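Just so you know, the protein sequences line up as chains A and B, in that order.
The working numbering numbers the first residue of the first sequence as -1 and each following residue consecutively.
The working numbering numbers the first residue of the second sequence as 24 and each following residue consecutively.
We treat Cβ as the ideally placed atom computed from N, Cα and C, and that holds for glycine.
Just so it is clear, the structure is predicted and the values come from calculations on it, not from any experiment.
All remarks here apply to the structure that follows.
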Amino acid sequence: MCLAIPMKLIEADGPFGKVEIEGVKRKVSLQLLPDAEVGDYVLVHAGFAIERINEEEAKKTLQLLTELALAQEAEEQ
Amino acid sequence: MKFVEEFRDKELAAGLVRRIEEALGDRRVSLMEVCGTHTMSIQRYGLKSLLPKNLRLLSGPGCPVCVTPNEQVDLAIAYAMTEGVILATFGDMAKVPGSSTTLLKAKAAGGRMQIVYSTMDAVKLAESNPDKKIVFFGIGFEPTAPTVAASILEAERKGISNYFVVSAAKVVPPPMEALLQGEVQIDGFICPGHVSVVIGSGAYRKIAEVHRVPCVVAGFEPTDVLQAIEMLVRQVRDGRSEVENQYTRVVHEEGNVAARGIMDRVFEPRDAKWRGIGVIPGSGLGIRPGYARFNAEVQLPVVPEKTVENERCICGLVLKGVKEPTDCALFGKECAPENPVGACMVSGEGACAAYYKYR
């Protein structure tokens, strides 16, 4: 039930907006994320956008994991 | 970036597994994944088979449908059977067994039940059925509770007088603390990512600092879960107990302030009963007196049937991490997703259902 899906906000009109993923579009409530802007990736839970996804942070996590994996390989060689 | 596939990379996962093995050594460590969506992810990607045998992952009380006690399921059924009422709820609730029946069976027997995807759909149902009373059965944890609160504010804004809510919403940190007083050894918590979106990673500070149990907020893709496990095992190895955040792409220390504001405006803390655990002080959310005109229990009191528990179902013990689903004599035999005996087999994120689907 606490499932939330990353979707792109493609329209915003006051408390409601439209999100899209892989061509599927859905209406979404923006009451819990009033500062969301068109173009943002947001987490959608039960028809509500609950948070904006920070792309920089996502990249940092992946970068860290890549570095850890490489360091591990080097250690093992 | 789609924020999904990138976090399912096999090489990155393999690197994390090696780091977990290294940090763990021959220690025996038990970690609890509090959230049912984590349980589902762990089963779906077979993460347990990748991890060392001396690392145990315990499923916790993190499936809202599963922890809803029989008396509340019976209450929802009583509303569905009340003349002039349509009971609206999320799909997961429909097949949950109450004392003698389910909402779905009650509907077949002439009750009125409507599954909605969003609380806003329940408000619309009230608008389009002015001659009926719509009772929304509002289960859920912190990601869902603000959406229930928002529906009450929306009904107020639109002047809708036939929309009512049974608040069965719960908050997650109190049962985490309660479990630490119990019989199961928990060396660290994999904290629920989407609950934390709302309440913030700071909400677990008491557990880490007072109870001295490490906490890591985690996302739901395989490398998210593995990275959180790696961070927890390192805390255990180093003798630290801190709150760390693996899911930095969406979780902040302070959470979603706007969502919490809406939740706090409509709800106030109240004691709530959890299946298997019992009553936990301050773990539920009740509707504030200022919004009593939307409170179904105040405006439309009903008397549900007498509560009966199925004594052979061990769902309560599974929710505490005391037993695994496969320890249950009914698992996969009398009890399966098509014909669930207990709540943990109903919801996709119930531990029994997740174990069954990916066995």
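Examine chain B for any beta-carbon lying closer than 7 Å to the beta-carbon of A:L28, and answer yes or no. For this step, residue 28 of chain A is matched to residue 30 along the first sequence. Any Cβ of chain B closer than 7 Å to the Cβ of A:L28 would place that residue at the interface, and such an atom is absent.
Considering only the beta carbon of each residue, do B:N279 and B:V195 sit closer than 7 Å? Here residue 279 of chain B refers to the residue found at position 256 when the second sequence is read from its first residue. Here residue 195 of chain B refers to the residue found at position 172 when the second sequence is read from its first residue. Against a cut-off of 7 Å, the Cβ pair of B:V195 and B:N279 comes out as no contact.
CA-CA distance, B:C336 and A:C0? The residue given as residue 336 of chain B occupies position 313 in the second sequence. The residue given as residue 0 of chain A occupies position 2 in the first sequence. CA-to-CA, the gap between B:C336 and A:C0 works out to about 24 Å.
Please state if the CB of B:G211 and the CB of B:L176 are separated by a distance shorter than 7 Å. Indexing the second sequence from 1 puts residue 176 of chain B at position 153. Indexing the second sequence from 1 puts residue 211 of chain B at position 188. Cβ atoms of B:L176 and B:G211: not closer than 7 Å.
Determine which residues share a DSSP beta bridge with B:K343 and list them. Against the second sequence, residue 343 of chain B aligns to sequence position 320. In DSSP, B:K343 forms no bridge with anything.
Limits of the unbroken alpha helix (DSSP H) element including B:T167: Within the second sequence, the letter at position 144 stands for residue 167 of chain B. Here B:T167 belongs to no alpha helix (DSSP H), and DSSP marks it neither H nor E.
Pairwise C-alpha distance: B:G305 and B:E34: Within the second sequence, the letter at position 11 stands for residue 34 of chain B. Within the second sequence, the letter at position 282 stands for residue 305 of chain B. In a straight line, the C-alpha of B:E34 is about 44 Å away from that of B:G305.
Near B:R283, what residues of its chain come up, given a Cβ to Cβ distance below 8 Å and the 5 sequence neighbours on each side ignored? Taking the second sequence and counting its residues from 1, one reaches residue 283 of chain B at position 260. Excluding residues within five positions, the ones whose Cβ falls inside 8 Å are P169, V221 and I222.
Does the structure place the stretch 337 to 346 of chain B close enough to the stretch 79 to 90 of chain B that three or more beta carbon pairs sit under 8 Å? yes
Closer than 7 Å, CB to CB, is A:M5 near chain B or not? Position 7 of the first sequence, counted from the first residue, corresponds to residue 5 of chain A. Chain B contact via Cβ: absent.
Closest residue to B:S190 among B:L98, B:V52 and B:S82 (Cα-Cα distance): Numbered from its first residue, the second sequence carries residue 190 of chain B at position 167. Nearest C-alpha to B:S190: B:L98.
C-beta atoms of B:T112 and B:K118 nearer than 7 Å: Numbered from its first residue, the second sequence carries residue 112 of chain B at position 89. Numbered from its first residue, the second sequence carries residue 118 of chain B at position 95. Taking 7 Å as the Cβ cut-off, B:T112 and B:K118 do not qualify as a contacting pair.
Start and end of the beta strand (DSSP E) containing A:H43? Looking up residue 43 of chain A in the first sequence gives position 45. Here the beta strand (DSSP E) through A:H43 covers Y39 to H43.
List in chain order: all unbroken beta strand (DSSP E) runs of 3+ residues lying wholly within the stretch 245 to 333 of chain B. 266 to 268, 290 to 297 and 301 to 310
For B:K147 and B:Y102, what's the separation of their Cα atoms in angstroms? Residue numbering aside, residue 147 of chain B sits at position 124 when the second sequence is read from its first letter. Residue numbering aside, residue 102 of chain B sits at position 79 when the second sequence is read from its first letter. The straight-line gap from Cα to Cα measures roughly 19 Å.
Please name the residues in the stretch 49 to 70 of chain A whose beta-carbon is closer than 9 Å to at least one beta-carbon of chain B, in chain order. The residues in question are E49, R50, I51, N52, E53, E54, E55, A56, K57, K58, T59, L60, L62, L63, T64, L66, A67, L68, A69 and Q70.
Just to confirm, are B:V236 and B:S264 a CB contact at a threshold of 7 Å? Your numbering for residue 236 of chain B matches position 213 in the second sequence. Your numbering for residue 264 of chain B matches position 241 in the second sequence. Their beta carbons are under 7 Å apart, which means B:V236 touches B:S264 by this criterion.
When you compare the CB of A:G45 with every CB in chain B, is at least one pair closer than 7 Å? Here the question's residue 45 of chain A lines up with position 47 in the first sequence. It does; some Cβ of chain B falls within 7 Å.
Kindly list, in the order they appear in chain A, the residues whose Cβ is closer than 8 Å to that of B:S370. Numbered from 1 along the second sequence, position 347 holds the residue referred to as residue 370 of chain B. Neighbours of B:S370 on chain A, chain order: M(-1).
Whole-angstrom distance between B:V96 and B:G48, CA atom to CA atom: Sequence index remark: in the second sequence, residue 48 of chain B carries index 25 (1-based). Sequence index remark: in the second sequence, residue 96 of chain B carries index 73 (1-based). B:G48 and B:V96: Cα-Cα distance of roughly 45 Å.
Of the listed residues B:N77, B:R51 and B:L81, nearest to B:V57 (C-alpha basis): Within the second sequence, numbered from 1, the residue matching residue 57 of chain B stands at position 34. The shortest C-alpha separation from B:V57 is found at B:L81.
Let me check understanding here. Comparing Cα to Cα, which of B:G121, B:G313, B:I300 and B:A172 lies closest to B:P392? The first residue shown for chain B is 24 and the last is 382, placing residue 392 of chain B beyond what the model contains.
Chain B partners of A:A2, CB-CB under 7 Å? Along the first sequence, read from residue 1 onward, the residue named residue 2 of chain A stands at position 4. Chain B residues near A:A2: P166 and H217.
Measure the alpha-carbon distance for A:E35 versus B:A366 and round it to whole angstroms. In the first sequence, the residue the question calls residue 35 of chain A occupies position 37. In the second sequence, the residue the question calls residue 366 of chain B occupies position 343. Those two C-alpha atoms are separated by around 39 Å.
Proximity test, Cβ basis, 7 Å: B:M199 and chain A: In the second sequence, residue 199 of chain B corresponds to position 176, counting from 1. Chain A contact via Cβ: absent.
Residue environment, B:P381, which counts as buried when at least 16 other CB atoms sit within 10 Å: Residue 381 of chain B sits at position 358 when you count from the first residue of the second sequence. According to the sequence provided, residue 381 of chain B is Tyr. The question's Pro does not apply to it. B:Y381 should be labelled exposed.
For a contact defined as C-beta to C-beta under 8 Å, what are the partners of B:F113 on chain A? Working through the second sequence from its first residue, we reach residue 113 of chain B at position 90. Listed by position along chain A, the residues whose Cβ is nearer than 8 Å to that of B:F113 are M(-1) and A44.
Per DSSP, which one or two residues make a beta bridge with B:Y186? For the purposes of this step, residue 186 of chain B is taken as residue 163 along the second sequence, with counting starting at 1. Its beta-bridge partners are B:I157.
Return helix, strand or coil for A:M(-1), following the three-state DSSP convention. Looking up residue -1 of chain A in the first sequence gives position 1. Three-state result, A:M(-1): coil.
Rounded to whole angstroms, what's the CA-CA distance from B:T271 to B:L70? Just pull it up for me. As a working mapping, residue 271 of chain B is identified with position 248 in the second sequence. As a working mapping, residue 70 of chain B is identified with position 47 in the second sequence. The alpha-carbon atoms of B:T271 and B:L70 are separated by roughly 22 Å.
7 Å Cβ cutoff met for B:A241 and B:G216: Against the second sequence, residue 241 of chain B aligns to sequence position 218. Against the second sequence, residue 216 of chain B aligns to sequence position 193. Yes, these two residues count as a Cβ contact at 7 Å.
Could you give the first and the last residue of the continuous beta strand (DSSP E) run that contains B:V90? In the second sequence, counting from the first residue as 1, residue 90 of chain B sits at position 67. Per DSSP, B:V90 belongs to no beta strand (DSSP E); it is in the alpha helix (DSSP H), P87 to V90.
Going by the CB atoms, is the gap between B:V274 and A:L41 shorter than 7 Å? Working through the first sequence from its first residue, we reach residue 41 of chain A at position 43. Working through the second sequence from its first residue, we reach residue 274 of chain B at position 251. Cβ distance not < 7 Å, so A:L41 and B:V274 don't count as in contact.
From B:G38 to A:L66, what does the alpha carbon distance come to, in whole angstroms? Locating residue 38 of chain B in the second sequence gives position 15, counting from the first residue. Locating residue 66 of chain A in the first sequence gives position 68, counting from the first residue. Distance between the alpha carbons of B:G38 and A:L66 is about 7 Å.
In chain order, what residues of the same chain lie with their CB nearer than 7 Å to the CB of B:C214, ignoring the 5 residues before and after it? Residue numbering aside, residue 214 of chain B sits at position 191 when the second sequence is read from its first letter. Closer than 7 Å at Cβ, skipping near neighbours: V57, Y227, C238, V239, V240 and A241.
Suppose the cutoff is 7 Å on Cβ atoms and the five residues either side in sequence are ignored; what does the same chain contact list for B:E165 look like? Position 142 of the second sequence, counted from the start, is the residue given in the question as residue 165 of chain B. So the qualifying residues of the chain are V194, V195, V218, V221 and I222.
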